[in-house]
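Undergrad:
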Amino acid sequence: MSLAIKVPTVGESITEVTLASWKKKDGDRVEMDEVIAELESDKATFELTAEKAGTLKIVAAEGDVLAIGAVVASIEDGGAEAAAPAQAKEEAAPAAQPQPEVVANAPAPAPVAAAPASGSESLEIKVPTVGESITEVTLSRWIKKDGEAVAMDEAIAELESDKATFELTAEKAGTLKTLAKEGDVLPIGAVVCTIEGAGAAPAVTPVSQAVVNATDESPRGGAAAESAKTYASGTPSPAAAKILAEKGVAAGSVAGTGVDGRITKGDALNAQAAPAKPAAAPAAAAAITTAPATAAASGERSEKREKMTSLRKTVAKRLVSVKNETAMLTTFNEVDMQPIMELRAKYKDKFKEKHNVGLGFMSFFTKAVTEALKDWPAVGARIEGDEIVYSNFADISIAVSAPKGLVVPVIRNADSMSLAEIEKAIVVLAGKARENKLTIPEMTGGTFTITNGGVFGSMLSTPIINAPQSAILGMHNIIERPVAVNGQVVIRPMMYLALSYDHRIIDGRESVSFLVRVKQLLEDPARLLLGV
1 MSLAIKVPTV
11 GESITEVTLA
21 SWKKKDGDRV
31 EMDEVIAELE
41 SDKATFELTA
51 EKAGTLKIVA
61 AEGDVLAIGA
71 VVASIEDGGA
81 EAAAPAQAKE
91 EAAPAAQPQP
101 EVVANAPAPA
111 PVAAAPASGS
121 ESLEIKVPTV
131 GESITEVTLS
141 RWIKKDGEAV
151 AMDEAIAELE
161 SDKATFELTA
171 EKAGTLKTLA
181 KEGDVLPIGA
191 VVCTIEGAGA
201 APAVTPVSQA
211 VVNATDESPR
221 GGAAAESAKT
231 YASGTPSPAA
241 AKILAEKGVA
251 AGSVAGTGVD
261 GRITKGDALN
271 AQAAPAKPAA
281 APAAAAAITT
291 APATAAASGE
301 RSEKREKMTS
311 LRKTVAKRLV
321 SVKNETAMLT
331 TFNEVDMQPI
341 MELRAKYKDK
351 FKEKHNVGLG
361 FMSFFTKAVT
371 EALKDWPAVG
381 ARIEGDEIVY
391 SNFADISIAV
401 SAPKGLVVPV
411 IRNADSMSLA
421 EIEKAIVVLA
431 GKARENKLTI
441 PEMTGGTFTI
451 TNGGVFGSML
461 STPIINAPQS
471 AILGMHNIIE
481 RPVAVNGQVV
491 IRPMMYLALS
501 YDHRIIDGRE
511 SVSFLVRVKQ
521 LLEDPARLLL
531 GV
């Protein structure tokens, strides 16, 4: 069988690439993951690798402009089994002259011929379906390495979608053979790796052992064993080699993080030139003079590049979409936080003792919002096509800053929950967010969002709507300010509130009245109990 090698997806805005150069020739034998060509887009240069071992059959020519998904080459089967014994003979032949007795005693041909027969069935592990709206995921990291033994249901990789991070598990016990690389964007159903049957030995083991036996006492035996580890160790890609040459950095001093230890473009960008050795004693004065300039040049103008995660890219896309597709407007008000602060100070210990959870500000704001939504349901509505959808429930989304970016888990039926129940729900969801364990259902839906920039010191902001919702409330820092109360200037803990809303569905009367209602409930918490 032959395997078609196609132009991979390299970016959302890139639709075609140019075949810059072939690294292997037509008819050459290639190994799995070996670089066979270099492709160029309008933004970057990247390498095309062989997806399996075999004989290369070139389809496209250098200089061709190829669309994403176009066939570049194919890899034919055949010759793989014959190549292994031939390679073993070539490697064993030089060592046979100085060590004829070892070669005579080493039954090299038999193990090589038996190696392919020792393989067993392999199971393909594919990207599972993780949500109706998710079409692709990013392979964020391998938990197990290529060639390691894995147990059934053991976590082998971590996948990341635009909404959550989840683990990929082994569907049977055996030996892991990785196919995708960390950072690859994979569609749902794509093959990530295979698991070979338990006890299957790698086909190269007998060949390697024969070579080791034949060259064990040879002066170049150590070097041969070292070179047999991998063809790519310490070898820079074309783009990486160019960067290293410009920096004056030797490839041998850079640790490769690519496949089989290959030096990637990112490794070359992060590589630093080795500091110059100090001059002899007579030149000490010159060294002292030039050292500050060198340190300033190398220490103050460094850059670091990081690939955007799927979560970050999706958040960016959604925020820009909201700005472009909604008539967003923001209205402001301020609230005197003293009544709530006094209430918390009076009952927080008893509250903690009874409910085993702390009494925070977020539960008061959540409860105030659910009450205000009953009076102004348009604020919790959404637009679907030509219709406005109103909800008779309040599912409140709480914006949480997680290690990998902003996530918005949902508190279901918050309107029917007590302050203690809301606080417990917030603790559970925030904990899952910090540990990247939120599920898709826990982040979908929601009729209204609350975000608290005050925890980071924000005094005032205009939050962006969490689509398809129509409004979001922004909390801010509590600052003691002089205010007029009953004709007297007093110092009170004040907080600015910001309500961003979609003017297509919410008019100024509803937005302002909603925010005033939230202000009244917060400044007089007894209203929350009495429902007035």
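Residue 317 in the UniProt record's numbering is what sits at position 317 of the sequence shown, and the numbering runs on without skipping anything.
Every residue gets a Cβ at the ideal spot worked out from N, C-alpha and C, and that includes glycine.
Measuring straight from C-alpha to C-alpha, what distance separates methionine 341 and aspartate 146?
TA: Each residue's Cα considered, the two are about 56 Å apart.
Undergrad: Based on DSSP bridge pairs, tell me the residues matched to aspartate 502.
TA: DSSP, once it has assigned bridges, lists Met328 as partnering aspartate 502.
Undergrad: For the alpha helix (DSSP H) holding valine 65, just list the boundary residues, first then last.
TA: Careful: valine 65 lies outside any alpha helix (DSSP H), inside the beta strand (DSSP E) at 65-67.
Undergrad: Terminal residues of the continuous alpha helix (DSSP H) containing methionine 341?
TA: Methionine 341 -> alpha helix (DSSP H) spans 338-355.
Undergrad: Just grab the DSSP bridge partners of phenylalanine 448 for me.
TA: BP columns for phenylalanine 448 point to Ile396.
Undergrad: Measure the alpha-carbon distance for glutamate 171 versus lysine 519 and round it to whole angstroms.
TA: Taking the straight line from one Cα to the other gives about 54 Å.
Undergrad: Between glutamate 136 and the rest of its own chain, which residues show a CB-CB distance below 6 Å, the 5 nearest in sequence each way excluded?
TA: For glutamate 136, where only same-chain residues beyond five positions count, the Cβ hits under 6 Å are Val185 and Pro187.
Undergrad: Please report the residue range of the beta strand (DSSP E) in which glycine 474 lies.
TA: Its beta strand (DSSP E) spans residues 471-475.
Undergrad: Curious, which full-length alpha helix (DSSP H) runs of at least 4 residues does the stretch 7-44 contain?
TA: Whole alpha helix (DSSP H) segments, 4+ residues: zero.
Undergrad: Within 10 angstroms of its Cβ, does phenylalanine 364 collect 16 or more other Cβ (buried), or is it exposed?
TA: So phenylalanine 364 counts as buried.
Undergrad: For a test of the three-state rule: what should DSSP assign to lysine 304, helix, strand or coil?
TA: It is coil, neither helix nor strand.
Undergrad: Considering Cα atoms alone, identify which of Val335, Leu515 and Thr309 is closest to glutamate 523.
TA: The candidate whose alpha carbon is nearest that of glutamate 523 is Val335.
Undergrad: Buried or exposed, going by whether 16 or more other CB atoms sit within 10 Å of the CB of lysine 265?
TA: With 16 or more Cβ atoms within 10 Å of its Cβ, lysine 265 is classed as buried.
Undergrad: Which residue from Leu48, Asp395, Ile75 and Ile450 puts its Cα closest to that of isoleucine 68?
TA: Closest option to isoleucine 68, Cα to Cα, is Leu48.
Undergrad: Taking contact to mean at least 3 C-beta pairs separated by less than 8 Å, is the stretch 449-459 in contact with the stretch 394-408?
TA: In short, these stretches touch, since the Cβ pair count reaches three.
Undergrad: DSSP three-state label for glutamate 371, please.
TA: If DSSP states are grouped into helix, strand and coil, glutamate 371 belongs with the helices.
Undergrad: Indicate the three-state DSSP secondary structure (helix, strand or coil) for lysine 519 in the structure shown.
TA: Helix at lysine 519.
Undergrad: Going straight from the alpha carbon of arginine 434 to that of alanine 402, what length do you get?
TA: Those two C-alpha atoms are separated by around 5 Å.
Undergrad: To which residues of the same chain is glutamate 423 closer than 8 Å at the C-beta, ignoring the five residues directly before and after it?
TA: His355, Val357, Gly358, Leu359, Gly360, Met362 and Ser363.
Undergrad: Looking at the ligand FAD, does it come within less than 6 Å of glutamate 160, judged from the CB to the closest heavy atom?
TA: The ligand FAD is absent from the structure shown, which contains no ligand whatsoever.
Undergrad: Using 8 Å as the Cβ pair cut-off and three pairs as the minimum, do the stretch 506-520 and the stretch 314-324 touch?
TA: Result no; under three Cβ-Cβ pairs closer than 8 Å.
Undergrad: Please name the residue, chosen from Gly454, Leu473 and Thr439, that lies closest to alanine 164 on a Cα-to-Cα basis.
TA: The candidate whose alpha carbon is nearest that of alanine 164 is Thr439.
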